[in-house]
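This note's numbering applies: residue 211 is where the sequence shown begins, and numbers increase by one.
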Amino acid sequence: MALNKTSANFTPYKYDLNIYRGCEHRCQYCYAVYSHKFLEDADFFQNVYYKDGIAQALDRQLSDKKLKGQLIGVGTVCDSYQPLEKQLELTRECLKVFIKHKNPIYISTKSPLIERDVDLIEELSKITSVSVSVSITTLDEQIAKKIESNVVSSARRFEILRKIKDSTHALAGVHLMPIIPFLTDNEKNLEEIFKTAKKLKLDYVVTDMLNLYGETRKNFFSFFHDVFPEIEDRLKALYSNSRSINAYKIELAEKIRKIKKRERFVNHRLKAKREKNRLKQVSMFEEE
Ligand code: SF4
């Protein structure tokens, strides 16, 4: 099986495709580290697995009428444009399958390797809905280098989106997530990201705050202790109970609402070719 039914109810897709397991991008806040537990392998960032024959499995699954026209999230718990993808080209093969089935997709990545596949993204986006999201957490490149050590600069990530926007019919937007309290949540950073997205005529900026569950919490606090000790106590206090988190969430949502209003930033909705595929691009915690 290539596709999984997602359990989350806030995503615009009901099925996802994860071609790799593990991710060399090494984001300190990575929410997906738990997934290596099932492989009894502790190193999510080092040991990357791939699914042999994934394009053929995807082809078989998409031949099922029940899945026809379903939006598929691509790379939801690991980046589909891993360094390994450069030689294996599994994501590229899967794009060809999506073209064959005229299937809408929602890709998220942080890698410029996606530019290699602009030809296929363009071909698919001419016949159905395609959305390409790139995660950008901060415009402070020094902070970015610390929290996302194996990822290109934020400026380069905006460049990926510009290329997608200029060369394809896909929607292109920013995943401004996770917003990390006391580190990347300042007004200036958030505002500049919205401003840059607007300047580049990007279609959306989707926001979400930091979620710390299970292994992620352990890894993240250990990293913070070593690299940002001055913030560690405040962050731990904030994440100690749900009341403080809720209050913070409301405050952050209000800050974002004001920035969007000031910048007159409007999220464009993903319109599919057919009504049944019409989808909504909304923030994961704020309403339009
Ligand atoms: S790119 Fe995504 S999956 Fe990869 S390490 Fe970063 S957060 Fe995790």
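Just so it is clear, CB atoms sit at the ideal spot from N, CA and C, and this is done for glycine as well.
Here the structure is a predicted model, which means the values were calculated and not measured.
According to the DSSP secondary-structure assignment, H385 is paired through a beta bridge with S345, V416. The way I'd put it, the segment 266–277 doesn't touch the segment 416–425; fewer than three beta-carbon pairs between them come closer than 8 Å. Rounded to the nearest angstrom, the gap between the Cα atoms of L400 and K320 is 18 Å. For N399, the enclosing alpha helix (DSSP H) begins and ends at 397–409. In the three-state DSSP reduction, D327 falls in the helix class (H, G or I). Taken in chain order, the complete beta strand (DSSP E) segments of 3 residues or longer contained in the segment 215–298 are 225–227, 282–284.
Apart from the 5 residues on each side of it in sequence, I324 sits with its Cβ closer than 6 Å to the Cβ of Y291 in its chain, given in chain order. A distance below 6 Å between beta-carbons, with the five flanking residues on each side excluded, links L386 to the following residues of its chain, in chain order: I403, V415, T417.
In this model, L462 and D413 are separated by some 22 Å (Cα to Cα). The DSSP-derived three-state label of V307 is helix.
Excluding its 5 nearest sequence neighbours in each direction, C233 has C-beta neighbours in its own chain below 6 Å: C288, D289, listed in chain order. Sixteen is the threshold: when 16 or more other Cβ atoms of the shown chains lie within 10 Å of the Cβ of D327, as they do, the residue is buried. Annotation for V384 indicates a beta carbon at 7 Å or more from all heavy atoms of the ligand SF4. In this structure, T378 keeps its C-beta atom at 8 Å or more from the C-beta atom of E440. The residues R372, in chain order, have a CB closer than 6 Å to that of L410 in the same chain once the five nearest residues on each side in sequence are set aside.
G285 counts as buried, since at least 16 other C-beta atoms from the protein chains shown sit within 10 angstroms of its C-beta. Residue state for V340 is assigned as strand, using DSSP reduced to three classes. Taking 8 Å as the cut-off, the Cβ atoms of I229 and L305 do not count as close.
The alpha carbon of L281 has as its nearest neighbour, out of H246, S335, K296, L294, the alpha carbon of S335. Remark: the shortest separation between the CB of V287 and any heavy atom of the ligand SF4 falls under 7 Å.
The closest heavy atom of the ligand SF4 lies 7 Å or more from the beta carbon of K409. Between the alpha carbons of Y241 and T426 lies a distance of about 6 Å.
In this structure, the beta-carbon distance from S318 to S345 falls below 8 Å. The nearest non-hydrogen atom of the ligand SF4 is less than 7 Å from the C-beta of H235. Rounded to whole angstroms, the gap between the alpha carbons of T216 and I466 is 28 Å. Nearest C-alpha to R236 among R474, K398, K355, D262: K355. Across the set Q266, A380, N257, the C-alpha of Q266 shows the shortest separation from the C-alpha of L213.
Around the beta carbon of R231, 16 or more other beta carbons sit within 10 angstroms, so the residue counts as buried.
Y458: member of the alpha helix (DSSP H) spanning 452–473, first to last residue. Its Cα nearest to that of Y449, the residue F430 stands out among V437, F430, R366, K471.
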